[in-house]
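Going left to right, the sequence shown walks through residues 1 to 511 as UniProt numbering numbers them.
In what follows, a single structure is set out as structure tokens and then discussed.
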Amino acid sequence: MPARDLTLVSIDVGTTHCKAALLSEQGEILRLSKMKTISYADNGWVYYNPEQLWTGIAGLIREVVTTAAGESEVSVGAIGITSMAETGVLIDPATGEAKSPFIPWFSKCSVPQAEDMAAEGNARERFMATGLHASFKYGLAKLLWLRQHRSEALHDAVWLSASDFIAYKLTGALATDYTLAARTFAFRTDKKAWDLEWIRHFGFLPSLFPEAAPSGAVIGRVRAESAVQAGLRKDIPVVIAGHDHIAASLALGVIRPGQVMDSMGTAETLVGVMDDRELTEEDFHSGLAFGCHPAAGRRFWMGGLSASGGSVEWFRSVWSDPPMSYEQLLQLLTERSDHHHAGTPTGILYFPYLSGSGAPEPDARARAAFIGLNAEHGLPDMLTALLEGTAYEMEWIRRAGEKATNASIQELILTGGGTHNPVWLQTKANVSGCLLRNPELPEAALTGAAMLAGVGAGVYADIEQAAASVSASHGHQVVLPQERSHAQYKVLFEEGYLPLQQPLRHYYRRL
1 MPARDLTLVS
11 IDVGTTHCKA
21 ALLSEQGEIL
31 RLSKMKTISY
41 ADNGWVYYNP
51 EQLWTGIAGL
61 IREVVTTAAG
71 ESEVSVGAIG
81 ITSMAETGVL
91 IDPATGEAKS
101 PFIPWFSKCS
111 VPQAEDMAAE
121 GNARERFMAT
131 GLHASFKYGL
141 AKLLWLRQHR
151 SEALHDAVWL
161 SASDFIAYKL
171 TGALATDYTL
181 AARTFAFRTD
191 KKAWDLEWIR
201 HFGFLPSLFP
211 EAAPSGAVIG
221 RVRAESAVQA
231 GLRKDIPVVI
241 AGHDHIAASL
251 ALGVIRPGQV
261 MDSMGTAETL
271 VGVMDDRELT
281 EEDFHSGLAF
291 GCHPAAGRRF
301 WMGGLSASGG
311 SVEWFRSVWS
321 DPPMSYEQLL
331 QLLTERSDHH
341 HAGTPTGILY
351 FPYLSGSGAP
361 EPDARARAAF
371 IGLNAEHGLP
381 DMLTALLEGT
391 AYEMEWIRRA
401 GEKATNASIQ
411 ELILTGGGTH
421 NPVWLQTKAN
431 VSGCLLRNPE
441 LPEAALTGAA
451 MLAGVGAGVY
461 ADIEQAAASV
471 SASHGHQVVL
481 PQERSHAQYK
491 VLFEEGYLPL
501 QQPLRHYYRR
511 L
């Protein structure tokens, strides 16, 4: 590649993998490197090692920007960093050292603190300010847990999300973006500012949180020391691209009101766009989360299931030793299709709450269940039912999104590892009745981070131009619902899945 070709570097700090990529201005991935995100467990709580994470990511960057001889051959115009949200670490700004491990979003160590947090203040007022319902996932709950178990770590510290931490290591700047700040439960999305009164209410100092900026703003430039570690030249502008789901949605062209992305990973999330406005009572009761969209004058809404792909992973591990391969899973699904009319519902209801439930009825204590099994059912039926159950849950969220935005949602734009399973996609189309559009864009979060880096550095005039540039170079596949199957699933969803929600939740609350 000639040195004169301007490129963009993007970084994705994910739950299971970290990635770095070198991209062209058109969003074409020229090089990609990745590593596993190694987690550790200690007395029931899970964590990542901050320095190990940085060292690994610096190595990934070096791999994508240098030749085999170790010399840079590219001109990098900007660096964009996206990451899992609600995952944070305490940093000593005086020394730059981590004062705590990284606590990931899925760690349930902070469930008791979240319940205490929810009891403080007025839930409706908190929602109107933050766009969130109290949860163990959020940064404030994790900080309350740290104060109880590692109080010394909070002294003269700053709380950084995963993207923020990598940006800090590259630039020395303590900053975050609105999409990540909003996942702390301490940020006012209505005012785009930290809620100082709420922070002080819990005995924390406002200095615990970094400066918040819009997604795509340049927060600093690569410093000399970091340039050497990562194989970069110094002074490259660095952008915090924020929440990985939001970054991915930008790459898929979900930038206008009414458009919705379905991200199918370990967790599954619907992300929709709406015009910026004050939140309402109906929004509060929707169970959805709302945040600041990177495009000016817009908000996003979000609802997710923590164990969607996670349910598949659970199934392949629990029902086979060693765990089934993905080829074996597809074989089970094919077996059932060979014995039944394609698209025929199992009649089994799977409630996919291995890690609690999210919108539209958030409940950390909800549990998973199979209902409707008989002696004739086997593993192919149970696996198919598992896919149906995740599709039912996402349909519940889709309907909540329609109600909150007062707009029909007839198309979903897909991304994530789950899109490689054709049976799952057809099941989702049949349950929802929606057209599914599956773009040929395997690394949407990385691409979205590069887009925001390009906007921040002036490569693109705005998000719309960036999206147009990227979408022009990618095709897509379409999955249509089967009318007969959709009618059958609609009955099962409305007369089975929904009516059984409250009796099951009542039972779990009594355990």
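The C-beta atom is built at its ideal place from N, Cα and C for all residues, glycine as well.
All values reported here derive from a predicted model rather than from experimental measurement.
Integer-rounded CB distance, given that residue j should sit under 8 Å from residue i
{"i": "Ser485", "j": "Gly343", "result": "4 Å"}
{"i": "Gly358", "j": "Gly416", "result": "16 Å between Cβ atoms; not a contact."}
{"i": "Ser311", "j": "Pro352", "result": "5 Å"}
{"i": "His245", "j": "Thr269", "result": "5 Å"}
{"i": "Ser161", "j": "Ser83", "result": "7 Å"}
{"i": "Ile79", "j": "Val239", "result": "7 Å"}
Closest residue to residue i among the options (Cα-Cα distance)
{"i": "Thr87", "options": "Ala181, Trp198, Ile29, Thr7", "result": "Ala181"}
{"i": "Val218", "options": "Ser471, Leu492, Val459", "result": "Val459"}
{"i": "Trp198", "options": "Pro362, Lys169, Ala129, Ser263", "result": "Ala129"}
{"i": "Leu154", "options": "Lys192, Ser161, Leu205", "result": "Leu205"}
{"i": "Ile61", "options": "Lys19, Pro101, Lys137", "result": "Lys19"}
{"i": "Val271", "options": "Ser249, Gly242, His420, Val239", "result": "Ser249"}
{"i": "Ser286", "options": "Ala404, Glu97, Ser263, Gly378", "result": "Ala404"}
{"i": "Arg510", "options": "Glu327, Asp5, Ala366, Pro442", "result": "Ala366"}
{"i": "Asn438", "options": "Leu379, Leu329, Leu480", "result": "Leu480"}
{"i": "Gln259", "options": "Ser469, Ala407, Gly297", "result": "Ala407"}
{"i": "Pro210", "options": "Ala227, Val89, Phe315, Pro101", "result": "Val89"}
{"i": "Leu174", "options": "Arg183, Leu196, Ala213", "result": "Ala213"}
Any non-hydrogen atom of the ligand MG closer than 7 Å to residue i Cβ
{"i": "Ser317", "result": "The ligand MG is absent from the structure shown, which contains no ligands of any kind."}
Spatial distance of residue i from residue j (CA atoms)
{"i": "Phe187", "j": "Asp177", "result": "11 Å"}
{"i": "Trp396", "j": "Val65", "result": "44 Å"}
{"i": "Leu492", "j": "Gln501", "result": "13 Å"}
{"i": "Ser337", "j": "Ala230", "result": "50 Å"}
{"i": "Trp145", "j": "Trp194", "result": "20 Å"}
{"i": "residue 541", "j": "Thr7", "result": "Given that the chain is displayed from residue 1 to residue 511, the structure contains no residue 541 and the question cannot be resolved."}
{"i": "Met451", "j": "Ile463", "result": "7 Å"}
{"i": "Phe290", "j": "His340", "result": "41 Å"}
{"i": "Ala375", "j": "Gly475", "result": "45 Å"}
{"i": "Leu349", "j": "Thr390", "result": "10 Å"}
{"i": "Ala22", "j": "Val9", "result": "In the sequence under discussion, the amino acid at residue 22 is Leu, which differs from the Ala named in the question. Cα-Cα distance, rounded: 5 Å."}
{"i": "Glu117", "j": "Leu143", "result": "Before going on, a small fix: residue 117 reads as Met here, not Glu. Distance between the alpha carbons of Met117 and Leu143: 11 Å."}
{"i": "Lys99", "j": "Asn49", "result": "11 Å"}
{"i": "Gly44", "j": "Ser110", "result": "11 Å"}
{"i": "Ser75", "j": "Arg233", "result": "9 Å"}
Coil, strand or helix - residue i by DSSP
{"i": "Ala69", "result": "Residue placement at Ala69 is flagged as unreliable, the pLDDT there being 49, under the threshold of 50; the coordinate-derived value follows with that caveat. Of the three classes helix, strand and coil, the one that applies to Ala69 here is coil, per DSSP."}
{"i": "Met451", "result": "helix"}
{"i": "Glu115", "result": "helix"}
{"i": "Arg233", "result": "coil"}
{"i": "Gln477", "result": "strand"}
{"i": "Ser311", "result": "helix"}
{"i": "Ser161", "result": "strand"}
{"i": "Pro439", "result": "strand"}
{"i": "Arg124", "result": "helix"}
{"i": "Pro2", "result": "Any reading at Pro2 must be qualified, since the residue scores a pLDDT of 40, below 50, and its modelled position is unreliable; the value itself is stated next. Note: Pro2 maps to coil in three-state DSSP."}
{"i": "Ala78", "result": "strand"}
{"i": "Thr176", "result": "strand"}
{"i": "Leu140", "result": "helix"}
{"i": "Gly88", "result": "strand"}
{"i": "Thr7", "result": "strand"}
{"i": "Phe102", "result": "strand"}
Pick out the complete alpha helix (DSSP H) segments inside the region 357-425, 4 residues or longer, and give them in chain order.
-> 379-405
At which residue ranges does the region 185-269 contain complete alpha helix (DSSP H) runs of 4 or more residues, listed in the order of the chain?
-> 196-201, 224-230, 244-251
Would you mind listing the beta strand (DSSP E) stretches within the region 17-51 that are 3+ residues and don't spill past its ends, in chain order?
-> 17-23, 29-36, 39-42, 45-48
Every unbroken alpha helix (DSSP H) inside the region 278-362 [4 residues or more] | 281-286, 309-318, 326-339
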